[in-house]
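Chains as they are written, first to last, in our numbering: chain U, 11 to 173; chain S, 11 to 173.
Glycine included, C-beta positions come from ideal geometry on N, C-alpha and C.
For reference, the structure discussed in these notes is given below.
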DNA sequence: ATAGGTGCAAAAAATTTGCGATTGC
DNA sequence: GCAATCGCAAATTTTTTGCACCTAT
């Protein structure tokens, strides 16, 4: 499980997310269904960086009949309305992470044990803006991932599985 | 094709890469074959951010018989010995990019037309190090991608395909 | 009523692997 | 000669889709 940075290891409440989502759904003529609510509640209450497979297995604990397809479709929705970010940390699967209501943040990833630490740094963000402007870009989002060894893994020599 | 930043739009020569690769191969008991050389030469002479599919199609122009599997296997090798970086820009495929002999750099990606601009910024890198250190990490590599609209796409309103 | 949603199973797309036939070293 | 490679096809893995049947609105 990911360690979190000092000032933002809170997740937005699933209820708050439903609010945002409801507005989006109303505007787009989408319907609220039992399986969507279940998937969304599960996603936001779990937190972290979830693969569809992981999320699906948690959802199935509540309702065995929900199909992967629905989880994929729902996560695509959440992504499109900006409530979830899609991440790609190198293993072959897309992971989703709660977006709205949280500060933007980036990731430190231990390549040995898989630990993920979140952080944010306003000065770096400001400099990113500046660089982009220099190249004529207007930035709408970004990803920054630092890969390396966490404190423990710098000492350890015994094999340890990734995440 | 990607625009390049001021001071490093050179690609390392395929020959220089063969050198590094040969050393690696000698140390690991790997063999140099016709298809590997072809793939490697093609990869380094093309430059850019290539999907396996794209690279394969170029390779096939020289030798119809090379299989995708070999391209995958060769790129994995290049990646393992540090000569190629694996990237994931959001479309569902891994892209490879020449690594050794180039300065490290990051990416500005236009979400409308797919243009990729490379840049580097030492101050940002220094701050990344600092942040990582604060969290006890020793950074070995990183990825930073800024998504947004390039100069052209901020003006245009007509539809334009990605990449 | 009806547009949108769901499950299921088949389809795609991306990548990996088993294997008998090569081929560097 | 022998271990490493190759091509090919089959297998995996991840994600998408077609379709007949449901269900919010």
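Inter-residue distance for residue 157/U and residue 45/U is about 36 Å (C-alpha atoms, whole angstroms).
Residue 85/S has a beta carbon lying at 8 Å or more from every beta carbon in chain U.
Shown here for residue 74/U: not one same chain residue has a beta carbon closer than 6 Å to its own, the five before and five after excluded.
Taking a Cβ-Cβ cut-off of 7 Å, the neighbours of residue 160/S in chain U comprise 146, 147, given in sequence order.
According to DSSP, residue 119/S shares a beta bridge with 126/S, 157/S. Taking the Cα positions, residue 120/U is about 20 Å away from residue 152/U.
Residue contact with chain S for residue 31/U: absent (no Cβ-Cβ distance below 8 Å to any residue of chain S). Residues of the stretch 101-132 of chain U that bring their beta carbon within less than 8 Å of a beta carbon in chain S comprise 118, 120, 121, 127, 129, 131, in sequence order. In the DSSP assignment, residue 89/S falls within the unbroken alpha helix (DSSP H) covering 78-90. Look at the beta carbons and you see the stretch 83-93 of chain U not touching the stretch 121-131 of chain U: under three pairs across the two are nearer than 8 Å.
Against chain S, a Cβ distance below 9 Å from residue 61/U picks out nothing, because the smallest value is about 14 Å. For residue 79/S, the nearest beta carbon of chain U is not closer than 8 Å to its own beta carbon.
Note: residue 106/U is bridge-paired with 60/U, 96/U in the DSSP secondary-structure output. Of the other Cβ atoms in all chains shown, 16 or more fall within 10 Å of the Cβ of residue 142/S; this residue is therefore buried. Chain order gives no chain S residues near residue 94/U, where near means a beta carbon separation below 7 Å; the closest approach is about 14 Å. The beta carbons of residue 117/S and residue 130/S sit no closer together than 8 Å. For residue 148/U, the beta-bridge partners assigned by DSSP are 159/S.
CA-to-CA, the gap between residue 93/S and residue 51/S works out to about 12 Å. One thing to note: residue 113/U has its Cβ no nearer than 8 Å to the Cβ of residue 106/U. Taken through DSSP and simplified to helix, strand or coil, residue 31/U comes out as helix. In the structure shown, the three-state DSSP call for residue 38/S is helix.
Under the 10 Å beta carbon count, residue 72/U is surrounded by fewer than 16 other beta carbons and is classified as exposed. A Cβ-Cβ distance of about 5 Å is found for the pair residue 61/S and residue 103/S, placing them in contact under the 8 Å criterion. Cα atoms of residue 36/U and residue 80/U: separation of roughly 19 Å, rounded to the nearest angstrom. At a cut-off of 8 Å between C-beta atoms, residue 152/S counts as an interface residue with respect to chain U. By the neighbour-count criterion, in which a residue is buried when 16 or more other Cβ atoms sit within 10 angstroms of its Cβ, residue 32/U is exposed.
Chain-order list of chain S residues neighbouring residue 164/U: 146, 147, 148, by C-beta distance under 9 Å. Taking the Cα positions, residue 128/S is about 13 Å away from residue 146/U. Contact annotation: residue 59/S and residue 97/S have beta-carbon atoms nearer than 8 Å.
By the CB criterion at 8 Å, residue 159/U and residue 148/S fall inside the cutoff. Pairing residue 48/U with residue 30/U gives a Cβ-Cβ distance that is not under 8 Å. Listed along chain U, the residues sitting closer than 7 Å to residue 155/S by beta-carbon distance are 152, 153. Sequence-distant Cβ neighbours of residue 66/S in its own chain, meaning closer than 8 Å and more than five residues away, are 76, 78, 81. Under the 10 Å beta carbon count, residue 164/S is surrounded by fewer than 16 other beta carbons and is classified as exposed.
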